[in-house]
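Heads up: the structure comes next, in structure tokens.
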Amino acid sequence: MNVTSTTLASKAEAAIRRLREIEGVSVHADGDAIREVHVLTSSERPAKNIVRDVQTVLKTRLGVTIDHRVVSVAQASPGSGAEFAAEPELAASGARAAAPAPASAPAPEPEVVREERIRFESVNLFVSGPRTQAQVELRWKGLPRIGSASGWSARDESHRLVAQATATAAQEFLADPMAIGVQGVEFVEIGRHRTVIVMLSLLANRQEKVVTGSCLVEQDTPQAVVLATLAALNRVLGGLRVKEPTEYVLRPTTN
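Going by this note's numbering, the first residue of the sequence shown is number 151, and it counts up by one from there.
Structure (structure tokens):
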């Protein structure tokens, strides 16, 4: 990261910290462009409202315009641990406006119904000598699915395996083919809190999309990796077709 990027990131972090109920912030810049913004807040307001606040303060104080998709929000709920909330992804359209809508009159966005999000059920790591297998169970719209991934038993590799197993399980829900790859799993310190950030690449219809998700690390690191992966996936999977559940009817056999 060069001097310009470091200065921009520092100024952006200072500006965002002036917002109410912000506990911590981490900004990644490339030259004069902001690539990622990770925010930790104690606010109970919807994440999209916090994202708009971030967009507005960066525009008014620094003259920098950012896309809402580069902002991830981790909400710390007092007494109940941490819960990730991400800015909902708008449905894809044929063309996008060249300039963002004014902050004073944002375009209406659909609310994400929490029941429509993929739910975490369990995560397990099985170590056998130099090899490790990660197994993740998810539930979506009443359907359970299990994904797994295997690799070497290095600590950093196990985090990637958990993220890949989560992605594999999520793919089982989809009716249309989509390749989901893990670009990276990183841990950062935001304020006094440790946060995991997962970056995924989604490939469908010859188009690639990169998404990120984050989650506070409480006691269970593998679970935090799963939740960060889901935070990224839930931003884009809500509008996709789901496989119809298969029902099996058992009948008595006849001789």
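Cβ coordinates follow ideal geometry from the N, Cα and C atoms, glycine included.
If you compare alpha carbons, which of the options is closest to residue i?
i: L353; options: L383, V367 and D370; result: L383
i: Q333; options: F270, V360 and L324; result: V360
i: A170; options: R195, T215 and E186; result: Checking the displayed sequence, the identity of residue 170 turns out to be Arg instead of Ala. Checking every option, the nearest Cα to that of R170 belongs to R195.
i: V386; options: G174, A317 and H178; result: A317
i: L190; options: A197, A381, D326 and Q225; result: Q225
i: T156; options: L288, D326 and A179; result: A179
i: A197; options: D182, L212, H218 and V214; result: H218
i: I330; options: Q314, K393, E339 and H343; result: Q314
i: R267; options: V273, G297, P280 and W290; result: W290
i: F337; options: S298, G174 and L366; result: L366
i: V335; options: E358, T379 and S193; result: T379
i: R269; options: L377, K393 and A159; result: L377
i: R211; options: G181, V220, N199 and S160; result: S160
i: E271; options: G279, P280 and L293; result: L293
i: K393; options: E322, D370 and E339; result: E322
Give me the Cα-Cα distance between residue i and residue j, rounded to the nearest whole angstrom.
i: E368; j: M349; result: 20 Å
i: A162; j: T362; result: 19 Å
i: V103; j: K209; result: Residue numbering for the chain in the displayed model covers 151 to 405; residue 103 lies beyond these limits and cannot be assessed.
i: L324; j: V277; result: 29 Å
i: T282; j: L311; result: 8 Å
i: V207; j: I172; result: 13 Å
i: V223; j: S300; result: 30 Å
i: T345; j: P327; result: 31 Å
i: R342; j: V175; result: 11 Å
i: I216; j: D182; result: 11 Å
i: I347; j: L158; result: 21 Å
So residue i is in the alpha helix (DSSP H); what residue range does that whole segment cover?
i: Q321; result: R305 to Q321
Terminal residues of the continuous beta strand (DSSP E) containing residue i?
i: L366; result: Q357 to L366
i: N199; result: Here N199 belongs to no beta strand (DSSP E); instead the alpha helix (DSSP H) covers A197 to L212.
i: T282; result: R281 to W290
So, does the segment 197 to 211 touch the segment 165 to 174, judging by three or more C-beta pairs under 8 Å? yes
Is it the case that the segment 175 to 188 contacts the segment 305 to 323, given that we only count it when at least three CB pairs across the two stretches are under 8 Å? no
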